[in-house]
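Contents: one structure, followed by commentary.
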Amino acid sequence: MENAKKKSLIKSLKYAIFFVLLFAALVIIDVKNPSYSMIITVLKKGTVYALIAVSMNILNGFTGLFSLGQAGFMLLGAYTYAVLTMTNEAREAVYYLSGYSVTFTLPWYVGLILAGAVAAFFAFLIGLPVLKLKSDYLAIATLGFAEILRAFSQWAKLEKITNGSIQLRDYPTFSKSSLLEGTVFENASLTPYVLIVSLCLLLIVLMINSTYGRAFKAIRDDEIAAEAMGINLAHHKRLSFITSSFFAGIGGALLAIYQSSITASQFKSSTTYEILLIVVIGGIGSITGSVLASYLYIACSEWWLRGLDSGSFLGLNLPNVFRSGFRMVVFSVIIMVIVLFFRKGIMGERELNLDRVGWFFTKILPSLFKKKNKAESGKEAVK
Amino acid sequence: MESILAYLLAGISYGGQLALIAIGYTMVYGILRLINFAHSDVFMVAGLFVIYLQTAVGFYVAIPAAIILTVVLAFSIEKLAYKPLRSAPRMSVMISAIGVSYLIQNVAMYITGGLPKVYPDIPLFTESVEIFGASTKRVTLLTPVLVIVLVVALVLLINKTKIGMAMRASSVDFETARLMGIKINNVISMTFIIGAVLAAIGSMLYFSNYNSISPTSGAMPGLKAFVAAVFGGIGSIPGAVVGAFIIGICENLLKMVGLTEFSDAFTFALLIFILVVKPTGLFGEKQYDKV
């Protein structure tokens, strides 16, 4: 008994050290690289997508509710944040056509929390009718709601709040923070994203490992059996839907911060599909899988496969084949291969296991290439 | 008065075009219980086929050739992306369908360069005619007639022929139909082929009216056609047609009263209303879940 306790303590200590090191590595990367460099851009966007993908995974992977409404909740979060945190001077310029009716300005952190809260509130309302539906009907109904939300945000009568279909910009972002001026962290633009997203992910992990999380998994595996075991289906489905939307809302707000301008037209159903595919690549039902897949997806689409769009890739120079759009074709082919042949994705339903990672680095990699620097670059990819 | 008539005519013709897409959804759903997300992209690609073929070989060859190519496309999608997952959970197949849709859109984006392509004038469709003082394209009047002819032919096919009987049997009970010696793969292929032919014809009517195609222009009519299929009762062909006409007419009446932004939202509100009030749709049969 004593021994088991000790073991679990050592295990959690190991994970804690791992994540602290990971965080330290990210902060060092952040301080060493200018904010416009490719690696910072990729890590920032990847971090934001990681939260959104995990929020979708709560529903689709852990509760087995196939929902396609993510873009709608992201839109709510992004708009709530942008509308409420803009200063009145900025509003003069942004709402130049219609004038504005929201005249108060909230600090960014309140805006961020409200972004989640508004999305969660709408999820509660939408969930009342929609969560009674089964599998594919649920998918279509949530997709429909996301479209309705988008239509509302572009409605001329709400112009004074949402600015119609014109973009919103000049709300506070992390790059202009004056708090850290003069310190080493002066141009740290990635760290705030990492901090916020880690906090959210920690909350999600705690929830998944609680009795609620176990109830979600029971519903996913067999709804009728779960109900027979005394799990209140309606209550838990609603809870899962609201939690997922809350974090999707925060993710949407972070996306707005990252992009520094948003329009309603970018939150189409194709955004939801993109996130769904990230979840599938990572493994439906794995949090670390979703996080990993987000970074991989963003790194590929923004960085590593860029050459496919601009003429030369891996030393091949074929401007006729490698022209604009080819990257996405290659990408969707890879996705189809994963969907058809590696249905479990990168992680399946497993989570990151440090013992296996350690075994991989100490036993497998050195025997493959006896070079230390290769192992280093492999570590980057795992993160 | 004339304007009401114009909106009504536009609604009927739009509804007819949706109906042709909706049949493809409803038939596939009836047999495979799969929302074929790629169907709307097949519809879009059919339009692109016409554009590219028309510049190469002219109209009279382009139209039948486009229909054949669309059929080949739908057939290969079924064989490559859905057949390997036949025993997988329904969610996997649906994800595969979304993946195919993503792939087709990206390929179309690559080939067209992302710019909207102008749909050629098909003289038979785009000449303008006058009816009761409201002037409109001929396609507006032609669509409902063509839809009714095609639907009658389809209903005859399903009720009177052997393959139609096999389809009906498979949609009632997939497994038992297979045990009775029905070659289920042929039935499924046939369903996709019929869906593709109707989508190709629908795309000619639709894009003659709207003039330009971009890689995502299939998505909206596709979703609406699916709503129409659910509204009419999924699996039921007359249901899909009636649903499509109702949606087409209502949307255009909304445009008439100046709520253009909400014509899309209306469709989805209708969907959610029908799903909550009568999930089986207007003509659907009641289904029970087995433990």
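Those sequence lines, one after another, are chains A and B.
124 is the number of the first residue of the first sequence in this note's numbering; add one for each residue after it.
766 is the number of the first residue of the second sequence in this note's numbering; add one for each residue after it.
Quick reminder that beta carbons are idealized off the backbone N, C-alpha and C, glycines included.
The model shown is predicted, which means the values in this text are computed figures rather than measured ones.
Legend entry - Interface partners of B:Ile863 on chain A, CB under 7 Å: Tyr396 and Leu399
Legend entry - Coil, strand or helix - A:Val225 by DSSP: coil
Inset, instruction - For B:Arg855, go through chain A and note every residue whose CB falls closer than 8 Å to its CB, in chain order. - result: Ser258 and Asp259
Legend entry - Close-in-space but distant-in-sequence residues of the same chain around B:Phe991 (CB under 6 Å, 5 per side omitted): Tyr790
Legend entry - Residue-level contact to chain B via CB, A:Val177, 7 Å cutoff: no
Legend entry - Of the residues A:Ser424, A:Lys391 and A:Leu313, the one placed nearest A:Pro157, counting alpha carbons only: A:Leu313
Legend entry - Segment contact, 8 Å Cβ cut-off, at least three pairs: the stretch 975-993 of chain B with the stretch 808-823 of chain B: yes
Legend entry - Nonlocal neighbours in the same chain, by C-beta distance under 6 Å from A:Ala246, ignoring five residues either side: Phe364, Ile365 and Ser368
Legend entry - Per-residue DSSP class, three states only, for A:Ser393: helix
Inset, instruction - Tell me whether B:Asn755 is buried or exposed, calling it buried when 16 or more other Cβ atoms sit within 10 Å of its Cβ. - result: Only positions 766 to 1056 of chain B appear in this structure, which leaves residue 755 of chain B out of reach.
Legend entry - is_contact[A:Gly448, chain B] using C-beta, thresh 7 Å: yes
Legend entry - Among A:Ile407, A:Val462, A:Asp432 and A:Met459, the one whose alpha carbon lies nearest that of A:Arg473: A:Ile407
Inset, instruction - Report all residues from its chain with a CB closer than 7 Å to the CB of B:Leu922; omit the five preceding and five following residues, and keep chain order. - result: Gly929
Legend entry - Segment contact, 8 Å Cβ cut-off, at least three pairs: the stretch 396-410 of chain A with the stretch 139-159 of chain A: no
Inset, instruction - Name the one or two DSSP bridge partners that B:Lys882 has. - result: B:Ile978
Legend entry - Run of the alpha helix (DSSP H) containing B:Met856, from where it starts to where it stops: Arg855 to Thr877
Inset, instruction - Identify, in the order they occur along the chain, each residue of the same chain with its Cβ nearer than 8 Å to the Cβ of A:Val241, setting aside the five sequence neighbours on each side. - result: Leu199, Gly200, Thr203 and Gly372
Inset, instruction - Would you grab the beta carbon distance between B:Gly1063 and B:Leu785 for me? Rounded to a whole angstrom, and I think it's under 8 Å. - result: Beyond the ends of chain B as shown, which are 766 and 1056, falls residue 1063 of chain B; an answer cannot be given.
Inset, instruction - Assign A:Leu256 to one of three DSSP states: helix, strand, or coil. - result: coil
Inset, instruction - Could you check the C-alpha separation between B:Leu818 and A:Leu463 for me, to the nearest Å? - result: 32 Å
Legend entry - Check whether A:Ser392 and A:Tyr172 have beta carbons under 7 Å apart: no
Inset, instruction - Identify the contact partners of A:Ser131 in chain B, using a Cβ-Cβ distance below 9 Å as the criterion. - result: None at all; the shortest Cβ gap to chain B is about 34 Å.
Inset, instruction - Report the rounded CA-to-CA distance for A:Gly448 versus A:Lys255, giving the unit in angstroms. - result: 40 Å
Legend entry - Interface partners of A:Phe268 on chain B, CB under 8 Å: Phe1033 and Ile1037
Legend entry - Amino acids of chain A, ordered along the chain, whose beta-carbon sits closer than 7 Å to that of B:Asp1029: Glu270 and Ala274
Legend entry - Sequence-distant residues of the same chain with beta carbon closer than 6 Å to B:Tyr971, five excluded per side: Gln782
Inset, instruction - Would you please state the rounded distance, in angstroms, between the beta carbons of A:Arg273 and A:Ala376? I believe it to be under 8 Å. - result: Between A:Ala376 and A:Arg273 the Cβ distance is about 17 Å, and since that is not below 8 Å, they are no contact.
Legend entry - Through-space distance from A:Val177 to A:Leu325, alpha-carbon basis: 11 Å
Inset, instruction - Closer than 7 Å, Cβ to Cβ, to anything on chain B: give me those residues from the stretch 180-205 of chain A, in chain order. - result: Phe189
Legend entry - Within chain B, the residues that A:Ala459 reaches when beta carbons sit closer than 9 Å: What sits at residue 459 of chain A in the sequence shown is Met, not Ala. Within 9 Å Cβ-Cβ: Leu845, Ala846, Ser861, Gly864, Val865, Tyr867 and Leu868.
Inset, instruction - At 4 residues or longer, and completely inside the stretch 320-404 of chain A: list those alpha helix (DSSP H) runs for me, N to C. - result: 334-344, 346-351 and 356-382
Inset, instruction - Return the first residue and the last residue of the alpha helix (DSSP H) that B:Asn924 is part of. - result: Arg903 to Lys925
Legend entry - B:Arg933 in three-state terms, based on DSSP: helix
Inset, instruction - Please state if the CB of B:Val952 and the CB of B:Met969 are separated by a distance shorter than 7 Å. - result: no
Inset, instruction - Buried or exposed for A:Gly195, please, with buried defined as at least 16 other CB atoms from any protein chain shown within 10 angstroms of its CB. - result: buried
Legend entry - B:Val894, DSSP secondary structure in three states: strand
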